[in-house]
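In numbering that gives the first Met the number 0, the protein residues as written are 0 to 128. Everything below concerns the one structure shown next.
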Amino acid sequence: MKIDHLGIAVPSLAEAVKAYEALGFTVESREDVPTEKVRVAFLPVGESRLELLEPTDAGSTIAKFLQKRSGIHHVCVLVEDIETVLAELRARGVSLIDTEPRPGAGGSRVAFVHPRSAGGVLLELKEKG
């Protein structure tokens, strides 16, 4: 496994992109992810990326997260076969938010591990599309 990206919740994607560009980052891609009710921008950092997430719906997970705080929302690791990994984690008793993969950005398939099974960190598993 390797880290694919760090997800950072932001109230305004435009303002966050401007701030990160001032820090020397460049935007690799932007995308709406309707299934997650977010608009995202990816900024490369070495072999990984930052994912800035702006909610597009007040009821979205990211909007609810921003009501409490902003900042790092999740860590995403790249996996080869997400269904096999999910089955292995279930067999080990790991608490999962998603028992089946769902659509993610860039045509990927994703699933989340509950923070109580990952030391308080929301862990995203990602299989590239």
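Ideal placement from N, C-alpha and C gives every residue a C-beta, glycine not left out. The structure displayed is predicted, hence computed values, not measured ones.
Given residue i as reference, the closest of the options once Cα atoms are compared
i	options	result
Ser116	Ile96, Gly105, Glu126	Ile96
Val76	Ser47, Glu99, Lys36	Ser47
Arg101	Ala90, Leu88, Thr34	Thr34
Local conformation of residue i per DSSP, three classes
i	result
Ile96	coil
Ala40	strand
Ser11	coil
Gly6	strand
Gly58	coil
Leu22	coil
Ser47	strand
Contacting residues, own chain, Cβ-Cβ under 7 Å from residue i (five flanking each side not counted)
i	result
Arg68	none
Gly128	Gly105, Gly106, Ser107, Arg108
Leu12	Arg38, Ala40, Leu51, Glu53
Lys36	Pro54, Thr55, Asp56, Ser59
Cβ-based neighbour list, residue i, same chain, cut-off 6 Å, excluding 5 preceding and 5 following
i	result
Glu50	His4, Gly6, Val39, Phe41
Assumed close pair residue i, residue j - CB separation to whole angstroms, cut-off 8 Å
i	j	result
Arg108	Glu126	5 Å
Next on the checklist: Within 8 Å, do at least three Cβ pairs link the region 68 to 80 to the region 112 to 126?
Outcome noted: Cβ pair count under 8 Å is three or more, so yes.
Checklist entry - Between the region 48 to 60 and the region 78 to 92, do at least 3 Cβ pairs fall closer than 8 Å? => result Result no; under three Cβ-Cβ pairs closer than 8 Å.
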